[in-house]
Amino acid sequence: MNATTMNSMQRTLTTLGQQEPDRVPLFLLTTLHGAKELGMSIEDYYARAENVIEGQLRLLKKYRADCLYGFFYASIEVEAWGGSTIYLPDGPPLCGAPIIQRPEDIDTLKAPDVATAPCLQRVFAAIRGLKAAVGDTVPIIGVAISPFSLPIMQMGFDKYIELLYEQPERFEKLMAANIAFSVAWSNAQLAAGATAICYFDPMSSTTNIPRELYLKTGQQVAKRAIAQIKGPTATHMASGRCLPIMADIADTGTAVVGVSGLEDLGELKAAANKRVSLLGNLNGIEMRRWTPEQAEAAVKCAIARAGRGGGLLLGDNHGEIPWQVPDEVLLAIGDAVERWGRYPLDWVEEYLAVT
Amino acid sequence: MNPLIKPFRESLEMLDRVQAESVFQQALTTLSPIQAVEQVVVPALEQIGAAWEAGSVALSQVYMSGRFCEELVEHVLPPSDPDRKHQPRSAIVVLSDYHMLGKRIVYSVMRASGFELFDYGRMGVDELVARAQADKIRVLLISVLILPSALRVRDVCTRLKAAASGIKVLVGGAPFLFDAQMWQEVGADAMGHSAADAVNIVEGWMGEMQ
Chain R
2 MNATTMNSMQ RTLTTLGQQE PDRVPLFLLT TLHGAKELGM SIEDYYARAE NVIEGQLRLL
62 KKYRADCLYG FFYASIEVEA WGGSTIYLPD GPPLCGAPII QRPEDIDTLK APDVATAPCL
122 QRVFAAIRGL KAAVGDTVPI IGVAISPFSL PIMQMGFDKY IELLYEQPER FEKLMAANIA
182 FSVAWSNAQL AAGATAICYF DPMSSTTNIP RELYLKTGQQ VAKRAIAQIK GPTATHMASG
242 RCLPIMADIA DTGTAVVGVS GLEDLGELKA AANKRVSLLG NLNGIEMRRW TPEQAEAAVK
302 CAIARAGRGG GLLLGDNHGE IPWQVPDEVL LAIGDAVERW GRYPLDWVEE YLAVT
Chain E
-2 MNPLIKPFRE SLEMLDRVQA ESVFQQALTT LSPIQAVEQV VVPALEQIGA AWEAGSVALS
58 QVYMSGRFCE ELVEHVLPPS DPDRKHQPRS AIVVLSDYHM LGKRIVYSVM RASGFELFDY
118 GRMGVDELVA RAQADKIRVL LISVLILPSA LRVRDVCTRL KAAASGIKVL VGGAPFLFDA
178 QMWQEVGADA MGHSAADAVN IVEGWMGEMQ
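So the sequence lines, in the order shown, correspond to chains R and E.
Heads up, the first sequence is in our numbering, so the first residue is 2 and it goes up one at a time.
Heads up, the second sequence is in our numbering, so the first residue is -2 and it goes up one at a time.
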């Protein structure tokens, strides 16, 4: 294949195969910026699938990214379970009151029907619309919060930690219900046209639980869930650390790991050992106040640390670009990828020698 | 350094409450309750906080050990105990955010370190500014998880300074960890990298305020 003719899908698949495509794929996971683009509030934007389709297609063209993002907001899953969402004017919608008020509530908890939950139908419609627009030329990323991380929203972080340590039987009941939901939700997005599922699993991060506990809990849940998801997955730590468990995450059968800006991309690449590709790890919080020059420097550094040999999808480290990040920074990131991301990256050796 | 710190810390990290309790009781055979807190509990929590910052201890361990130490200290040093530290009136709050774990951890670690403070729960800017002044707070700890909330700290600090309240603001939470300049940008007086860090900072301010 002539490297200069690669489309986003070819570019992405080549890098996931641990080969060098024409340039580093840019996975700029923009969500809320679609509302800005359409000049509407975040709440109005997410009320109709057509808005998200139009927003995503405009953002794809504007920022020259290599993927479309079918993600609405995390709380939409909890809505399906009977929960509520709180909309902010300048940030991602948040989850309302926990649906599990007491651990005993888990005993009678039943997973909602993905095929009939009204909120989820908007996501399926958006993915179908995106697929109709781009076919197989651009990867469309669906999202599922991992069954292991969903309880942070279902019951609150503190109560979930207590459950995890103190009530193993109820924890297992909750995981059974969540796995059933998460698998059905993921597969329905794949059926609608998603290319892959971003399996958000921050609870498994070593920022949140120790490795020994991950191996007994989060990893087992991931193995059970990912085995039933009928498409590739990218396990995302949503800013959490994962260097000590990189090989353990690879053992779950995932294809990509979304990594933190708190860890060195070169060390992460070595730990990934070509078993998984990396997604990250630009600092989305600092990005808000970057100059174009700083954006270029950050892109260059990330590509130098992990771009060679393929296996890198360049993106932010959280899985969502904050609302506050200005256009000029996102455009500068795209420019920098064009300038420094072209393979064979023959500038990297000299760059690493002097930095 | 007290030799019991290491076994106490290790038992906390392993979530071995029985062993932690046993080590603490051992400390009480030679130390007063407040001495045991200051010489064993606080240093152990400081080390755990530093280990979390370095990535070698997880948040779940920080939370569970803070909660356990809070119960332990509550038992030997109830809020009315005259040995509780003479401290500035302090309060902790989650600002315009619905993520409560960070505040819960800091609250536990502060109390386990002998501090008493108001728990304001979750508040918006207007309510917080009014309440902190009405309560004559001297030290305000603000916890956030999401970026928009972190940026709203600026409104709080601006209004407290405009009112010449003299309230010192200590911030903490993920946005401040990912952007080391942000706490200054929003006008806070300090930023805590961990719950134990918050204890050290407030102790430093106590010296300045006396």
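Cβ coordinates follow ideal geometry from the N, Cα and C atoms, glycine included.
Have a look at residue i and residue j and give me their C-alpha separation to the nearest angstrom.
{"i": "glycine 52 (chain E)", "j": "alanine 171 (chain E)", "result": "14 Å"}
{"i": "glutamine 220 (chain R)", "j": "glycine 254 (chain R)", "result": "10 Å"}
{"i": "leucine 314 (chain R)", "j": "threonine 208 (chain R)", "result": "22 Å"}
{"i": "proline 4 (chain E)", "j": "methionine 11 (chain E)", "result": "10 Å"}
{"i": "glycine 232 (chain R)", "j": "valine 141 (chain E)", "result": "36 Å"}
{"i": "threonine 236 (chain R)", "j": "cysteine 96 (chain R)", "result": "21 Å"}
{"i": "valine 300 (chain R)", "j": "leucine 125 (chain E)", "result": "40 Å"}
{"i": "proline 245 (chain R)", "j": "arginine 212 (chain R)", "result": "7 Å"}
{"i": "histidine 34 (chain R)", "j": "valine 330 (chain R)", "result": "13 Å"}
{"i": "leucine 191 (chain R)", "j": "serine 183 (chain R)", "result": "12 Å"}
{"i": "methionine 2 (chain R)", "j": "alanine 303 (chain R)", "result": "Only weak support is given to the placement of methionine 2 (chain R): the predicted model assigns it a pLDDT of 44, under 50, and the value that follows is read from those uncertain coordinates. One C-alpha to the other measures close to 26 Å."}
{"i": "methionine 203 (chain E)", "j": "asparagine 197 (chain E)", "result": "10 Å"}
{"i": "valine 166 (chain E)", "j": "aspartate 108 (chain R)", "result": "43 Å"}
{"i": "methionine 41 (chain R)", "j": "glutamate 321 (chain R)", "result": "19 Å"}
{"i": "isoleucine 210 (chain R)", "j": "alanine 133 (chain R)", "result": "41 Å"}
{"i": "serine 9 (chain R)", "j": "tryptophan 341 (chain R)", "result": "17 Å"}
{"i": "alanine 223 (chain R)", "j": "alanine 248 (chain R)", "result": "14 Å"}
{"i": "lysine 1 (chain R)", "j": "valine 349 (chain R)", "result": "Since the first and last residues shown for chain R are 2 and 356, residue 1 (chain R) lies out of range."}
{"i": "leucine 144 (chain E)", "j": "histidine 319 (chain R)", "result": "12 Å"}
{"i": "leucine 283 (chain R)", "j": "glutamate 67 (chain E)", "result": "37 Å"}
{"i": "serine 278 (chain R)", "j": "threonine 234 (chain R)", "result": "11 Å"}
{"i": "isoleucine 153 (chain R)", "j": "glutamate 351 (chain R)", "result": "45 Å"}
{"i": "lysine 158 (chain E)", "j": "glycine 157 (chain R)", "result": "34 Å"}
How close, in whole Å, do the beta carbons of residue i and residue j come, if the pair is a contact with beta carbons under 8 Å?
{"i": "isoleucine 180 (chain R)", "j": "proline 148 (chain R)", "result": "5 Å"}
{"i": "methionine 288 (chain R)", "j": "glycine 259 (chain R)", "result": "Actually they do not touch by this definition, with Cβ atoms about 16 Å apart."}
{"i": "serine 62 (chain E)", "j": "isoleucine 45 (chain E)", "result": "6 Å"}
{"i": "alanine 307 (chain R)", "j": "leucine 266 (chain R)", "result": "4 Å"}
{"i": "aspartate 45 (chain R)", "j": "tryptophan 324 (chain R)", "result": "Wrong, their Cβ atoms sit about 15 Å apart, outside the cutoff."}
{"i": "arginine 135 (chain E)", "j": "arginine 86 (chain E)", "result": "5 Å"}
{"i": "leucine 280 (chain R)", "j": "glycine 241 (chain R)", "result": "Between glycine 241 (chain R) and leucine 280 (chain R) the Cβ distance is about 13 Å, and since that is not below 8 Å, they are no contact."}
{"i": "glycine 71 (chain R)", "j": "alanine 195 (chain R)", "result": "6 Å"}
{"i": "phenylalanine 28 (chain R)", "j": "cysteine 68 (chain R)", "result": "5 Å"}
{"i": "tryptophan 82 (chain R)", "j": "isoleucine 54 (chain R)", "result": "With a Cβ gap of about 26 Å, tryptophan 82 (chain R) and isoleucine 54 (chain R) do not count as contacting."}
{"i": "isoleucine 43 (chain R)", "j": "leucine 89 (chain R)", "result": "7 Å"}
{"i": "serine 110 (chain E)", "j": "valine 34 (chain E)", "result": "7 Å"}
{"i": "arginine 24 (chain R)", "j": "arginine 343 (chain R)", "result": "5 Å"}
Any idea what DSSP makes of residue i, helix, strand or coil?
{"i": "phenylalanine 182 (chain R)", "result": "helix"}
{"i": "valine 144 (chain R)", "result": "strand"}
{"i": "tyrosine 70 (chain R)", "result": "strand"}
{"i": "proline 227 (chain R)", "result": "Looking at the sequence provided, one finds isoleucine at residue 227 (chain R) rather than proline. It is helical."}
{"i": "leucine 30 (chain R)", "result": "coil"}
{"i": "aspartate 70 (chain E)", "result": "With the sequence shown as reference, residue 70 (chain E) is identified as valine, and aspartate is not the correct amino acid for it. Note: valine 70 (chain E) maps to helix in three-state DSSP."}
{"i": "arginine 6 (chain E)", "result": "helix"}
{"i": "glycine 136 (chain R)", "result": "coil"}
{"i": "glycine 130 (chain R)", "result": "helix"}
{"i": "glycine 219 (chain R)", "result": "helix"}
{"i": "valine 150 (chain E)", "result": "helix"}
{"i": "serine 87 (chain E)", "result": "strand"}
{"i": "methionine 11 (chain E)", "result": "coil"}
{"i": "methionine 188 (chain E)", "result": "strand"}
{"i": "valine 359 (chain R)", "result": "The structure shown does not extend to residue 359 (chain R), since chain R is modelled only from 2 through 356, so no value can be given for it."}
{"i": "threonine 13 (chain R)", "result": "helix"}
{"i": "threonine 155 (chain E)", "result": "helix"}
{"i": "asparagine 3 (chain R)", "result": "The predicted model places asparagine 3 (chain R) with a pLDDT of 42, which falls under 50 and marks its position as unreliable, so this point remains unresolved."}
{"i": "serine 140 (chain E)", "result": "strand"}
{"i": "isoleucine 101 (chain R)", "result": "coil"}
> Curious, which full-length alpha helix (DSSP H) runs of at least 4 residues does the segment 234 to 293 of chain R contain?
Replying inline: 247 to 251 and 266 to 273
>> Could you tell me which whole beta strand (DSSP E) segments of length 3 or greater appear in the segment 97 to 133 of chain E?
In response: 115 to 120
>> Runs of 4 residues minimum, wholly inside the segment 148 to 214 of chain R: which ones carry the alpha helix (DSSP H) assignment?
In response: 152 to 156, 158 to 167 and 169 to 193
>> Using a Cβ-Cβ cutoff of 8 Å, what residues of the segment 36 to 53 of chain R are near chain E? List them in chain order.
In response: none
>> What are the residues in the segment 211 to 222 of chain R lying within 8 Å of chain E by C-beta distance?
In response: Pro211 and Leu214
>> Beta carbons nearer than 7 Å to chain R: which residues of the segment 17 to 33 of chain E have them?
In response: none
> Name the residues in the segment 116 to 146 of chain E whose C-beta lies less than 9 Å from a C-beta of chain R; which are they?
Replying inline: Ile143, Leu144, Pro145 and Ser146
> Name the residues in the segment 55 to 78 of chain E whose C-beta lies less than 9 Å from a C-beta of chain R; which are they?
Replying inline: Ala55, Leu56, Ser57, Gln58, Tyr60, Met61 and Arg64
> For the segment 93 to 115 of chain R, which residues have a beta carbon sitting closer than 8 Å to at least one beta carbon of chain E?
Replying inline: Pro93, Leu95, Cys96 and Gly97
> At what residue ranges does the segment 159 to 204 of chain E contain a whole run of the beta strand (DSSP E), taking only runs of 3 or more?
Replying inline: Here the runs fully enclosed are 165 to 169.
> the segment 230 to 242 of chain R: which residues have C-beta closer than 8 Å to a C-beta of chain E, in chain order?
Replying inline: Within the segment 230 to 242 of chain R, the residues whose Cβ lies closer than 8 Å to some Cβ of chain E are Ser240 and Arg242, listed in chain order.
>> Which residues of the segment 167 to 182 of chain R have a Cβ closer than 8 Å to any Cβ of chain E? Give them in chain order.
In response: none
> What residues in the segment 144 to 161 of chain R bring their beta carbon closer than 8 Å to a beta carbon of chain E?
Replying inline: Gly157, Phe158 and Asp159
> Listed from N- to C-terminal order along the chain, which residues in the segment 69 to 95 of chain R have their beta-carbon within a distance smaller than 9 Å of any beta-carbon of chain E?
Replying inline: Ile87, Leu89, Pro90, Asp91, Gly92, Pro93 and Leu95: these are the residues of the segment 69 to 95 of chain R whose beta carbon lies less than 9 Å from some beta carbon of chain E, given in chain order.
> What runs of the beta strand (DSSP E), each 3 residues or longer, lie entirely inside the segment 303 to 354 of chain R?
Replying inline: 313 to 317
> Going along the segment 276 to 287 of chain R in order, which residues come within less than 7 Å of chain E, judged by CB to CB distance?
Replying inline: Asn284, Ile286 and Glu287
> Listed in chain order, which residues of the segment 301 to 326 of chain R have Cβ atoms closer than 7 Å to some Cβ of chain E?
Replying inline: Pro323 and Gln325
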